[in-house]
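Numbering (the numbering used here), first residue to last: 92 to 685. Even glycine gets a Cβ: it sits at the ideal position worked out from N, Cα and C. All values reported here derive from a predicted model rather than from experimental measurement.
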Amino acid sequence: MDVPVLSSVIEVLHTRGISEEDLSRQVKALLSFVEIRTNQPIGRYLDTVTAIVVQKLLQDVDSLEGFLNSTSVDVQLGIVANFFNEVAVSEKMNDMVVAIRAGVERIIPGLVSSPVITATRDSRRVEYAVRGPIEQEIDKQEKAWYAELREKLESRGDAVENSDDIIAKFFALREEGFDAQKEFLVGYLIPSFVDGFMERMPIRVNIGNSFPYTRLSPAFIEALEARLLTNDDSGRVHLSLDPLMPYSSSRGLPELAPLVHAKLIERGIAPSDESFEEWIERFVPSNGSSEAIAMAFDVLVEEHDDVVMTGRANYSLYSAQIQRRGANERTVPYEGGEITVESVLKALTPRTRLLIINSPNNPGGYIGKKKLIEVVAEALKINGSKQVTVLFDEAYGGMTFGDKVEDDLPSYMVALCPDQVIAISDSVSKKTGALGVRGGNIYFAGPKNNMSFLKELGIARAIGLCPNTFGQVFQAEALKLGEAALVDMSALQDRMDVLIDKLRQVPGVKVEPAEGGLYVFLDVKGLKGLTGVDTSAKLAMRLAEESHFSIVNGSGFGGHPDNDNRIRFVVFLPESTNKELGRRFKEWAERNMK
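See below:
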């Protein structure tokens, strides 16, 4: 654009007090109006066509002024119509919208000539912090670090043992901790080199991938062996896999649903007078609870709907699904303590379709209390909407520390509000340590005649044919064992205590022990002030780049502004690894204080 034209454009925008982004929104709204009037969606090209029109306006000062000065849709339509047509267009509204839509169709062939294939708009608007830029940075460092380790091992003149074998043994020692790994390397490399080299070893503290730091309980292993292993007449042991090779029913293996059903009746959630055949229509097994939650979003949440989350910060999957569906995120301030009816009512709107309760909470580490359910129930009653489903995410159910008591929140909701539709998602992953088998499910309680979506839920499951059968077996055996299948929380308590002690020594950091789950959620507002780092995302990236450990920025757990003063650590790493993390974090803070 010529400098005089550019100056004129800037002057026009400045005089009107609008930005180029504001102009884009106006143009997009006008094109959306054209879509509606012609009943011909522009679809995935809407953003691109909007950008084309905006650029044409910015290159024509007279048209830009006319577009901005006009309060009439007719005038704005006329200006845009002339961009797409060489011949003058009738000033009748219907003629103009048809001309614009026809003009858009003429330029679409040019838009598809690019060899770059982009993702859908739904996908592009999703951010997922847990596996975002920080994870990518630490992954890059890890590859480089292990390549350097291999090079050092192979450069030894007296090498006898294969370097790949040494690296495999070193990697396996991560379960014992940083000190054990360091001591192991000293047996192969010069100690002075190992000291500095280990200080650069990337450590992942961002993902709740707790294996091998949490292991299946002995009772769970024994149950799985009995279920999956058989002896033949000669005494040889065989895997009994034939029952797991076919697709299961979309409602799961025959043994799974009855176990879930019995457990829900025991909890007072499933109606005892409903036949199993009727009950199973409420139940869908899944590949982990994440898939179950995704299916719930698919059948319950549309574009522009509202989703309410109790807690300033919540599992990043919720925000990702909200973004993917084009819905709006709303939060109720809660961290396991006080909560008011007014705060819940403020979050509820006529567009609310889901209200999510995650306890024990990821990332907050707190346990929801009965008071939360009482307040939510009262707020829903006052609000009056019958379109809200309350979703309880129990992925960390049973994972509590010390003497913390976990109330049965879904059961309490059913007792208080028997007519309220609720959903309960569950997973075998975190609570048993069987992460990779991806066993989960979702169940809907409440009046069945209020759940016309159950048919679509069944279709959503059937499209994927069935969840993996191994995950279903793990769920079934875990349900039979109950608490005996859970990971050893006392061992995690000891590791968390060490981590908390070290983190509290970092200037500007506040942290409280978790009541349950696998995470602690640090308050780093003071640290940001001391170091001049203005966002949690920047802090996370600098820690990854400069101190070689990956955490998750608080802004990745929902849009509440307080989250940007938080970061999340996992608690399950060995004690010596947690000590090393604390040392690195403290040194980074002291090195960067202004």
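query                                                                                                                                                                  : result
Could you check where the alpha helix (DSSP H) with Tyr409 kicks off and where it finishes?                                                                            : Ser407 to Arg416
Please tell me whether Val528 and Phe565 are closer than 8 angstroms, where the distance is taken between their beta carbons.                                          : yes
Nearest by alpha-carbon distance to Leu137: which of Glu126, Ala553 and Ala470 is it?                                                                                  : Glu126
So what's Leu307 in DSSP terms, helix, strand or just coil?                                                                                                            : coil
Using the C-alpha atoms, what's the distance from Gln272 back to Glu111?                                                                                               : 55 angstroms
CB-CB under 6 angstroms to Leu630, same chain, minus the five flanking residues each way: which ones, in chain order?                                                  : Val624
Touching or not, the stretch 380–387 and the stretch 419–437, by the rule of three or more beta carbon pairs under 8 angstroms?                                        : no
How big is the Cα-Cα spacing for Asp499 and Val296?                                                                                                                    : 30 angstroms
Is the Cβ-Cβ distance between Arg444 and Asp396 less than 8 angstroms?                                                                                                 : yes
Give the DSSP-derived three-state secondary structure of Tyr774 in the structure shown.                                                                                : Any question about residue 774 goes unanswered here, given that the chain covers just 92 to 685.
Tell me whether Asp655 is buried or exposed, calling it buried when 16 or more other Cβ atoms sit within 10 Å of its Cβ.                                               : buried
Taking Ser339 and Cys557 to be in contact with their CB atoms under 8 angstroms, please state how far apart those CB atoms are, rounded to whole angstroms.            : 4 angstroms
Quick check: what's the CA-CA separation for His639 versus Met587?                                                                                                     : 20 angstroms
In chain order, what residues of the same chain lie with their CB nearer than 7 angstroms to the CB of Met184, ignoring the 5 residues before and after it?            : Asp165 and Leu168
Quick one: which unbroken beta strand (DSSP E) runs of 3-plus residues sit fully inside the stretch 318–361? Chain order, please.                                      : 320–322 and 328–330
Closer than 7 angstroms by C-beta to Asp510: which residues in its own chain qualify, once you throw out the five before and the five after it? Chain order, please.   : Gly537 and Pro538
Span of the alpha helix (DSSP H) holding Glu245?                                                                                                                       : Pro224 to Glu245
Taking the alpha carbon of Arg358 as the point to measure from, which residue in Asn559, Pro501, Arg633 and Asp151 has its own alpha carbon closest?                   : Pro501
From Ile198 to Val140, what does the alpha carbon distance come to, in whole angstroms?                                                                                : 9 angstroms
Could you check the C-alpha separation between Gly645 and Gly620 for me, to the nearest Å?                                                                             : 16 angstroms
Assign Ser366 to buried or exposed, taking buried as 16 or more other Cβ atoms, counted over all protein chains shown, within 10 Å of its Cβ.                          : exposed
Along the beta strand (DSSP E) that carries Asn449, what are the first and last residues, could you check?                                                             : Thr443 to Asn449
Apart from the five residues just before and just after Val597, which ones in its own chain have a Cβ nearer than 8 angstroms to its Cβ?                               : Leu618, Gly673, Phe676, Lys677 and Ala680
How is Gly475 classed by DSSP in three states: helix, strand or coil?                                                                                                  : coil
Roughly how far, in whole angstroms, is the beta-carbon of Arg373 from the beta-carbon of Phe535, given that I think they are within contact range, below 8 angstroms? : 5 angstroms
DSSP has Asn644 in a bridge; who is on the other side?                                                                                                                 : Ile658
Return the first residue and the last residue of the beta strand (DSSP E) that Leu526 is part of.                                                                      : Per DSSP, Leu526 belongs to no beta strand (DSSP E) and is neither H nor E.
Going along the chain, which unbroken runs of the alpha helix (DSSP H) with 4 or more residues stay wholly within the stretch 250–305?                                 : 254–263, 269–277 and 282–290
Quick check on the burial criterion: 16 or more other C-beta atoms within 10 angstroms. Buried or exposed for Glu671?                                                  : buried
Rounded to the nearest angstrom, what separates Met684 and Gly157 at their Cα positions?                                                                               : 53 angstroms
From Arg116 to Glu420, what does the alpha carbon distance come to, in whole angstroms?                                                                                : 20 angstroms
Alpha carbon to alpha carbon, how far is Glu666 from Val589?                                                                                                           : 6 angstroms
Looking at C-alpha atoms only, which residue of Leu446, Ile312, Gly402 and Ser407 is the closest neighbour of Gly428?                                                  : Gly402
Do you know whose CA, among Asn669, Ala628, Asp256 and Gly650, lies nearest Glu226's CA?                                                                               : Ala628
Buried or exposed: Phe284, going by 16 or more other Cβ atoms within 10 Å of its Cβ?                                                                                   : exposed
Go through its chain and collect everything with a Cβ distance to Pro424's Cβ below 7 angstroms, but skip five positions before and after it.                          : Arg403 and Ser434
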